[in-house]
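Participant:
Numbering (the working numbering), first residue to last: 1 to 126.
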């Protein structure tokens, strides 16, 4: 038996659906609440503030989705390529991404703003 191959976007869609949302619905909601119209962070689970952001357009084959809470640190690969960063995760793993330092910091800051909103504005069920 072979496991079916799913794209990153399909996996994110499934995660959103488990939280009674959709990939597009989450992106639309974030865009309505925050001024992030491009490369919009995705809220996968609001109550736990699980947020991922794309490294490039989600339609790009090479787009990676980074879970902000897993990022430990990063450093530039400027000696090799000024548009590349190495993201280090809390579990000791790391990946190279095609982002400038400024772009990565901006994405992490956006994710932090949304995370704070999620944690400070809990969902109230009547």
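All C-beta atoms, glycine included, are put in the ideal place defined by N, C-alpha and C.
Can the beta-carbon of residue 42 be found less than 8 Å from the beta-carbon of residue 51?
Facilitator: Yes; because the gap between Cβ atoms is below 8 Å, this pair is in contact.
Participant: Which same chain residues, not among the five before or five after residue 22, have their C-beta less than 8 Å away from its C-beta?
Facilitator: Excluding positions up to five away in sequence, the list reads 13 and 16.
Participant: Quick check: the Cα distance between residue 114 and residue 63, rounded to an integer number of angstroms?
Facilitator: Distance between the alpha carbons of residue 114 and residue 63 is about 21 Å.
Participant: Considering only their Cβ atoms, is the gap separating residue 53 from residue 111 smaller than 8 Å?
Facilitator: Cβ atoms of residue 111 and residue 53: closer than 8 Å.
Participant: I need the straight-line Cα distance from residue 76 to residue 108, nearest angstrom please.
Facilitator: Taking the straight line joining both Cα atoms gives about 15 Å.
Participant: Cα-Cα, which of 5, 11, 33 and 47 is closest to residue 119?
Facilitator: Closest option to residue 119, Cα to Cα, is 47.
Participant: On the three-state DSSP scale, how would you describe residue 9?
Facilitator: Three-state DSSP puts residue 9 in a helix.
Participant: In terms of residue numbering, what span does the beta strand (DSSP E) encompassing residue 86 cover?
Facilitator: It spans 85-89 - the beta strand (DSSP E) in which residue 86 sits, taken as one unbroken run.
Participant: Are the C-beta of residue 66 and some C-beta of chain B separated by less than 8 Å?
Facilitator: The structure shown contains no chain B; it is built from a single protein chain.
Participant: Quick one: what's got a C-beta closer than 8 Å to residue 74's C-beta in the same chain, skipping five residues either side?
Facilitator: Hits under 8 Å: 85, 86, 87, 88, 101 and 104.
Participant: What residues are listed by DSSP as bridge partners for residue 73?
Facilitator: Paired residue(s): 88.
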